[in-house]
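*Asks:*
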Amino acid sequence: MISLNNISVQFAGTPLFDDISFIINRRDRIGLVGRNGAGKTTLMRIISGQMEATTGQVASPSGSSIGYLPQEMHFTSQHTVINEALKAFAEIKELEQRIHKLTEEISHRTDYHTEEYHKLSQKLAEGTERYDILGGATQHARAEKVLLGLGFERRDLERPMTEFSGGWQMRVELAKILLQTPELVMLDEPTNHLDIESIQWLENFLIDYPGAVIVVSHDRAFLDNVTTRTIEISMGKAYDYKACYSDYEMLREERMAQELAAYSNQQRQIAQIEHFITRFRAKNTKARQVQSKIKMLEKMEKVEVEELDKSSIHFRFPEAPASGKVALESVSVSKRYGSKEVLRDLNFMVARGERIAFVGRNGEGKTTLSRILIGDLPHEGIVKLGHNVKIGYYAQNQAEFLDPEKTVFQTLDDVAAGEVRKQTRNILGGFLFSGEDIDKKVKVLSGGEKSRLAIARLLLEPVNLLVLDEPTNHLDMRSKDILKNALLQFNGTIIVVSHDRDFLQGLTGKVFEFRNKNIKEFIGDVYDFIDHRNIESLKQLEAGRKVAASEKETGISENRQNWEQKKQFERELRKLQQGIEKAEKEIEVCERDMAELEKIIANPSLNPPMIESGEVFTKYEAQKNRLTKAEKEWEQFHLELESLEGKENS
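This is the structure we're talking about:
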């Protein structure tokens, strides 16, 4: 459908891309991944036509349409939510005006048999037909359906856009793109503006979308559920995998191992050539050979390997100060903003060491309660902190409270105390700040870098109760892994507001579900919670909402479930097939090596030293054991494959 041909981009002479080429097919579901700064957003802007590449071109069929949602936008709309969403139907609006004008003109004519009258009638018929094809009569209902799916209440639809935060206005922009039904939808971090419920609705929508989809996201679960192809941008090149994100991670490790081996081999070769040049450069008799070696080095295409230092992920933070058995208690807590009641009569207790996830739709009071618990908001009722409880709080905009004039190192050094202060540089390395990065001023850092620094600073403070409000926003996959591992090692109490299911999985052991101004407790992590409620999406979490679905909705739910089961089957099938293939190669190598050794055993004159030392027999026995192991693995993989295929066919 759309092809990228030898796309290269340079900024101030520094290359970002180098001859990137790939094709976007009609029903592709592509996850675009890579480190922060790799160029994912730049590539999407080039595809959408908002930016031109330095060299190369993007080719697409005439008349094809692309919908692109960037990470951030500036909003000036004065319309209501529904009227802003209806802007998606610009062609329908033009048709309505044209149909109205033609109808008016025809109604005042009486020259029914003239050629001009016939042409007007033909134009009216064509316009009406096009109007019907585009769904003109259902545009309002379609807009409502998408807006409600993205989390708006029906009463919100007539409110002006100016009453909503930037995140909610981004939802309207997303709705407009989905309603336009372009041949290609490109979304840059769409889940940053959505809650779990809306994310799952969007997943279902994109799975059934009739066009192609490209998504940049740091939400692993979202990528796994939506995408079937992953394109990684790394060191100026594009690597294309026919796999969802989790499968891509495994395939990438294999590729990285191969690249590392090739890099090591090349470095040895370079060292040998450089040694030859250094040794014989001064000898006239070797001048021609030296020049030949120099040219060889100049022409050699260098193998590059992206560094992946995983040591930082194993950093352990100091133990939290001891506290009482009860971390905090809420007694009849309520909160109003003017006449709007947000929370009503909340009574609960948080025990020391508990890890609780706050989930629910945006606007249900998760952030409000978080701020109440830390003493940041006036409220009705009582919040009792336990003995020696010290709270650390991470707000969604926490990075804004960092001193922009301080360096990265100073920001941490200000709060580090005791023995921890000696480890400041190691801690910064643990959060991906190394080398010259630690001397950068906060004001020049990216949003993700500021978030990492704010989290590192928070976790250095001597606290035993962490309240974290959307801590993973702006963090890439690796940064989220580092944060999650740090929190798993934290021995205090944790309350976390998050829409990132993959981040919450295994981190929390209790869920507080926010709905209808109250909360309901559930023991287990976020996936246990979803499974227990036997729901396909968190739409059914709202009390009083009717859960009886229409036949169409039931069909979508069943299709979704069937799709997930098929995807899981294909993933397991692929792993087993790869295992069988690897075992077969191992068997082939062992049998070949054993055959060579058998020749020596049968004819000792082929290698007398190996016979005399007994090395040939030692190697033969080792290969035999290796062969036995490979054959057992091959057999086990086949048994598992038969079992898997049997389940699929039953």
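Residue 595 in the numbering used here sits at position 595 of the sequence shown; the count goes up by one each step and never skips. Note that the Cβ used here is the ideal one computed from N, Cα and C, for glycine as well.
If distances are taken between C-alpha atoms only, which option among Trp168, Leu187, Asp132 and Ser121 comes closest to phenylalanine 75?
*Replies:* Trp168
*Asks:* In three-state terms, what does DSSP make of glutamate 640?
*Replies:* Looking at glutamate 640 - three-state DSSP - the assignment turns out to be helix.
*Asks:* Is the separation between the beta-carbon of arginine 29 and that of leucine 206 shorter than 9 Å?
*Replies:* yes
*Asks:* Provide the residue span of the alpha helix (DSSP H) that contains valine 226, from first to last.
*Replies:* 220 to 226
*Asks:* Is it true that the region 48 to 59 meets the region 117 to 136, where meeting means three or more beta-carbon pairs spaced less than 8 Å apart?
*Replies:* no
*Asks:* Within a Cβ cutoff of 6 Å, which residues of the same chain sit near phenylalanine 239, ignoring the five residues on either side of it in sequence?
*Replies:* It should be noted that the sequence gives tyrosine, not phenylalanine, for residue 239. Correct list, in chain order: Glu232.
*Asks:* May I have the straight-line CA-CA distance separating alanine 12 from phenylalanine 401, to the nearest angstrom?
*Replies:* 32 Å
*Asks:* Thinking C-alpha only, which one of Phe348, Lys325, His79 and Gly324 is nearest valine 331?
*Replies:* Phe348
*Asks:* Decide if aspartate 111 is buried, meaning its Cβ has at least 16 other Cβ atoms within 10 Å, or exposed.
*Replies:* exposed
*Asks:* Give the C-beta separation of valine 9 and glycine 39 to the nearest angstrom, bearing in mind that I take them to be a contact with Cβ-Cβ under 8 Å.
*Replies:* 7 Å
*Asks:* Kindly indicate which three-state DSSP category isoleucine 374 falls into: helix, strand or coil?
*Replies:* In the three-state reduction of the DSSP assignment, isoleucine 374 falls in the coil class, being assigned neither a helical nor a strand state.
*Asks:* Leucine 16 to methionine 235, Cα distance in whole Å?
*Replies:* 8 Å
*Asks:* Distance check for isoleucine 601 and glutamate 588, CA to CA, integer angstroms please.
*Replies:* 20 Å
*Asks:* Can you tell me which of Asp476, Leu174, Leu343 and Leu466 puts its alpha carbon nearest to the alpha carbon of leucine 432?
*Replies:* Taking only the C-alpha atoms, the option nearest leucine 432 is Asp476.
*Asks:* Helix, strand or coil: how does DSSP classify tyrosine 117 here?
*Replies:* helix
*Asks:* Check whether the Cβ atoms of glycine 360 and arginine 515 lie closer than 9 Å to each other.
*Replies:* yes
*Asks:* Quick one: what's isoleucine 519 bridged to in DSSP?
*Replies:* Phe514
*Asks:* Buried or exposed: which applies to glycine 492, given that a residue is buried once 16 or more other Cβ atoms fall within 10 Å of its Cβ?
*Replies:* buried
*Asks:* Reducing DSSP to helix, strand and coil, say where lysine 340 ends up.
*Replies:* strand
*Asks:* For serine 8, which beta-bridge partners are listed by DSSP?
*Replies:* In the DSSP output, where bridge partners are listed per residue, serine 8 has Thr55.
*Asks:* Note down the Cα distance separating leucine 465 from leucine 453, rounded to an integer number of angstroms.
*Replies:* 19 Å
*Asks:* State the Cα-Cα distance for the pair lysine 123 and alanine 137, rounded to the nearest angstrom.
*Replies:* Their backbone Cα atoms lie some 19 Å apart in a straight line.
*Asks:* Can you give the Cα-Cα distance for leucine 483 and serine 446, rounded to whole angstroms?
*Replies:* 17 Å
*Asks:* Using alpha carbons as the reference points, say which of Glu144, Thr618, Glu163 and Glu596 lies closest to arginine 154.
*Replies:* The shortest Cα separation from arginine 154 among Glu144, Thr618, Glu163 and Glu596 belongs to Glu144.
*Asks:* Any idea if valine 444 is buried or exposed, counting beta-carbon neighbours within 10 angstroms, 16 or more meaning buried?
*Replies:* exposed
*Asks:* Assign histidine 275 to one of two classes, buried (16 or more other C-beta atoms within 10 Å of its C-beta) or exposed (fewer than that).
*Replies:* exposed
*Asks:* Quick one: which unbroken alpha helix (DSSP H) runs of 4-plus residues sit fully inside the region 415 to 451? Chain order, please.
*Replies:* 424 to 430
*Asks:* What residues in its chain sit with their C-beta under 8 Å from that of aspartate 18, if we drop five residues either side in the sequence?
*Replies:* Ser8, Gly236 and Lys237
*Asks:* From this set, Glu470, Ile196 and Thr278, which residue's C-alpha is nearest glutamine 291's C-alpha?
*Replies:* Thr278
*Asks:* Which residues bound the alpha helix (DSSP H) around arginine 501?
*Replies:* Here the alpha helix (DSSP H) through arginine 501 covers 501 to 504.
*Asks:* Do leucine 223 and histidine 193 have their CB atoms nearer than 9 Å?
*Replies:* no
*Asks:* Quick one: which unbroken beta strand (DSSP E) runs of 3-plus residues sit fully inside the region 36 to 88? Chain order, please.
*Replies:* 55 to 59 and 66 to 69
*Asks:* Pop quiz: leucine 343 and serine 334 are said to be a contact at Cβ under 8 Å. What is the actual Cβ separation, rounded to whole angstroms?
*Replies:* 6 Å
*Asks:* Which class does phenylalanine 687 belong to by DSSP, given the choice of helix, strand or coil?
*Replies:* A question about residue 687 goes unanswered here, because the residues of the chain that appear run from 1 up to 650.
*Asks:* At what residues does the beta strand (DSSP E) containing valine 383 begin and finish?
*Replies:* Element bounds for valine 383: 380 to 385.
*Asks:* Do you know offhand how far arginine 371's Cα is from glutamate 341's?
*Replies:* 16 Å
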